[in-house]
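Peer 1: Taking the numbering used here, the leading residue of the sequence shown gets 25, the next gets one more, and so forth. Glycine residues also receive a C-beta, built at the ideal position from the N, C-alpha and C atoms. These numbers come from a predicted model, not from an experiment.
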Amino acid sequence: MAEYMLEVENLESGYGETQVLFGVSLKVERGTITALLGANGMGKSTTLWAIMGVIPAWGGRVIFKGVDVTKLPTHERVSMGMALVPEGRRLWPELTVEENLYLATFVPRARERLKENLELVYSLFPRLRERRHQKAGTLSGGEQQMLAIARGLMLNPDLLMLDEPSLGLAPKLVQDIAKVLKRLNEEEGLTILLVEQNVHISLQIADYAYVIEAGRIRLHGPAKELAEKPEVKKAYLGL
Ligand SMILES: Nc1ncnc2c1ncn2[C@@H]1O[C@H](COP(=O)(O)OP(=O)(O)O)[C@@H](O)[C@H]1O
Ligand SMILES: [Mg+2]
């Protein structure tokens with residue numbers, strides 16, 4: 025079994041003529057929470073889209089569970105156990121909570137564990153169970169974020185990637201979501217790549233973290249060590 029769940033090597037990508045990623049390298053060890061941190065517009069979402077194969081890699085490699093997936097289409101990466109909870113949630117607002125969850129299970133690995141995973145997400149988010157027949161578009165922002173995470177979990181992933189799950193949420197909800205991610209990691213052994221502008225909350229729950237600036241990894245290290253670095257404190261923690 026490969027030691028790393030994910031290895032990104034010198035990844036280059038962008039949009040049209042515009043290069044956004046200039047050789048991003050990062051590793052996600054199995055069973056850890058790894059954070060990718062950085063300010064708005066630095067290339068965090070682009071990194072995730074390229075890892076998922078939604079946009080092509082212009083250079084470099086993406087290795088998932090020891091397999092080079094750089095040229096594989098997104099659905100094959102999902103079938104292998106990658107899942108992304110995208111920024112802005114992207115739910116089906118006219119469908120109910122439960123329909124959103126069922127529709128996520130389009131790959132065999134997800135269908136095989138549909139019942140267990142539905143029970144898991146309802147136990148993690150009791151509010152979603154209460155509201156399972158309600159249209160997703162009528163949920164509060166926090167509930168919609170919970171549903172987006174639940175939908176990612178329904179894919180039965182080995183690696184769950186989340187793009188700014190705390191964005192736009194009140195501090196209490198941000199803490200709740202952080203707790204759920206920690207619980208999934210500790211109790212279910214789920215490996216997580218957490219992308220955030222919220223450096224504070226991320227360094228609280230992550231084992232290891234990378235900081236991206238203008239499409240390049242600026243620094244990385246164990247989360248506890250990064251939180252102590254003067255440049256991180258000054259630029260990202262407001263200390
Ligand atoms: N669909 C797109 N088309 C063109 N440029 C884009 C697109 N999405 C993002 N960008 C540009 O790529 C850069 C990085 O964006 P992004 O990866 O979304 O940053 P982050 O997630 O760190 O905020 C920004 O300069 C942004 O304007
Ligand atoms: Mg983004």
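Assess, as a yes-or-no matter, whether the segment 80-95 is touched by the segment 249-258 under the definition of 3 or more beta carbon pairs within less than 8 Å.
Peer 2: Segments in contact, no.
Peer 1: Using DSSP with H/G/I as helix, E/B as strand and the rest coil, what is Val7?
Peer 2: No answer is possible for residue 7: the residues shown for the chain start at 25 and end at 263.
Peer 1: Give me the Cβ distance between Asp187 and Leu108, rounded to the nearest whole Å; I'm assuming they're in contact under 8 Å.
Peer 2: Residue 187 sits at position 163 when you count from the first residue of the sequence shown. Residue 108 sits at position 84 when you count from the first residue of the sequence shown. The pair is a contact, with the Cβ atoms about 7 Å apart (cut-off 8 Å).
Peer 1: Can you tell me whether Gly55 is buried or exposed? The criterion is at least 16 other CB atoms within 10 Å of its CB, across all chains shown.
Peer 2: In the sequence shown, residue 55 corresponds to position 31, counting from 1. It counts as exposed.
Peer 1: Please output, in chain order, the residues near ligand 1 using a CB cut-off of less than 5 Å to any non-hydrogen atom of the ligand.
Peer 2: So the residues near ligand 1 by this Cβ test are Tyr39, Val44, Asn64, Gly65, Met66, Gly67, Lys68, Ser69 and Thr70.
Peer 1: Could you say if the segment 35-49 and the segment 200-209 meet the contact criterion of at least three C-beta pairs nearer than 8 Å?
Peer 2: The segment 35-49, when compared against the segment 200-209, does not touch it at the 8 Å Cβ threshold.
Peer 1: Is it buried or exposed for Met25, if we count other Cβ within 10 angstroms and need 16 for buried?
Peer 2: Here residue 25 refers to the residue found at position 1 when the sequence shown is read from its first residue. Per the 10 Å Cβ criterion, exposed.
Peer 1: When the Cα of Ile236 is compared with those of Thr71, Glu27 and Arg207, which residue comes out closest?
Peer 2: Position 212 of the sequence shown, counted from the first residue, corresponds to residue 236. Answer by Cα proximity: Thr71.
Peer 1: CA-CA distance, Ser103 and Val198?
Peer 2: Residue 103 sits at position 79 when you count from the first residue of the sequence shown. Residue 198 sits at position 174 when you count from the first residue of the sequence shown. The alpha-carbon atoms of Ser103 and Val198 are separated by roughly 30 Å.
Peer 1: Return yes when the C-beta of Glu111 is under 7 Å from any heavy atom of ligand 2, and no when it is not.
Peer 2: Your numbering for residue 111 matches position 87 in the sequence shown. Yes, the beta carbon of Glu111 sits closer than 7 Å to at least one heavy atom of ligand 2.
Peer 1: Cβ of Asp187 within 7 Å of any heavy atom in ligand 2?
Peer 2: Counting from one through the sequence shown, the residue named residue 187 turns up at place 163. Answer for Asp187: yes, Cβ within range of ligand 2.
Peer 1: So, at 8 Å on beta carbons, what are the nonlocal neighbours of Leu119 in its own chain, with the 5 sequence-adjacent residues on each side left out?
Peer 2: Along the sequence shown, one-based indexing puts residue 119 at 95. Around Leu119: Leu127, Lys159 and Ala160.
Peer 1: List the DSSP bridge partners of Asp187.
Peer 2: As a first step, residue 187 is located in the sequence shown; it is residue number 163 there, counting from the start. Asp187 pairs with Val219.
Peer 1: Could you tell me the alpha carbon to alpha carbon distance between Pro150 and Trp82, rounded to whole angstroms?
Peer 2: As a first step, residue 150 must be located in the sequence shown, where it is residue number 126. As a first step, residue 82 must be located in the sequence shown, where it is residue number 58. Roughly 43 Å separates the two Cα atoms.
Peer 1: Assess, as a yes-or-no matter, whether the segment 172-181 is touched by the segment 126-141 under the definition of 3 or more beta carbon pairs within less than 8 Å.
Peer 2: Cβ pair count under 8 Å is three or more, so yes.
Peer 1: Which residue or residues does DSSP assign as beta-bridge partners of Ile87?
Peer 2: Walking along the sequence shown from the start, residue 87 turns up at place 63. Ile87 pairs with Glu31 and Asp92.
Peer 1: Comparing C-alpha positions only, which one of Gln221, Val121 and Arg240 sits nearest to Val32?
Peer 2: Indexing the sequence shown from 1 puts residue 32 at position 8. For Val32, the nearest C-alpha among the options comes from Arg240.
Peer 1: Whole angstroms is fine: what's the gap from Asn64's alpha carbon to Asn124's?
Peer 2: Taking the sequence shown and counting its residues from 1, one reaches residue 64 at position 40. Taking the sequence shown and counting its residues from 1, one reaches residue 124 at position 100. Cα to Cα, the separation comes out at about 29 Å.
Peer 1: First and last residue of the beta strand (DSSP E) that includes Pro235?
Peer 2: Numbered from its first residue, the sequence shown carries residue 235 at position 211. Note on identity: in this sequence residue 235 is Val, with Pro being the wrong assignment. Its beta strand (DSSP E) spans residues Tyr232 to Glu237.
Peer 1: Is Glu252 helix, strand or coil by DSSP?
Peer 2: Residue 252 sits at position 228 when you count from the first residue of the sequence shown. Glu252 falls in the helix class under three-state DSSP.
Peer 1: Could you tell me if Arg175 is buried or exposed, where buried requires 16 or more neighbouring beta carbons within 10 angstroms of its beta carbon?
Peer 2: Numbered from 1 along the sequence shown, position 151 holds the residue referred to as residue 175. By the 10 Å Cβ count, Arg175 comes out buried.
Peer 1: For a quick check, are the C-beta atoms of Gly47 and Leu35 less than 8 Å apart?
Peer 2: Here residue 47 is taken as the residue at index 23 of the sequence shown, counted from 1. Here residue 35 is taken as the residue at index 11 of the sequence shown, counted from 1. The answer is yes: Cβ separation under 8 Å.
Peer 1: Check this for me: beta carbons of Leu152 and Val121, under 8 Å apart or not?
Peer 2: Translated into the one-based positions of the sequence shown, residue 152 becomes position 128. Translated into the one-based positions of the sequence shown, residue 121 becomes position 97. In this structure, Val121 lies closer than 8 Å to Leu152 by Cβ.
Peer 1: According to the Cβ coordinates, are Gln168 and Arg113 closer than 8 Å?
Peer 2: Within the sequence shown, residue 168 is the residue found at index 144, counting from 1. Within the sequence shown, residue 113 is the residue found at index 89, counting from 1. Result yes, Cβ atoms of Gln168 and Arg113 sit closer than 8 Å.
Peer 1: Is the beta carbon of Ala233 closer than 8 Å to that of Leu250?
Peer 2: One-based indexing of the sequence shown puts residue 250 at position 226. One-based indexing of the sequence shown puts residue 233 at position 209. Their beta carbons are under 8 Å apart, which means Leu250 touches Ala233 by this criterion.
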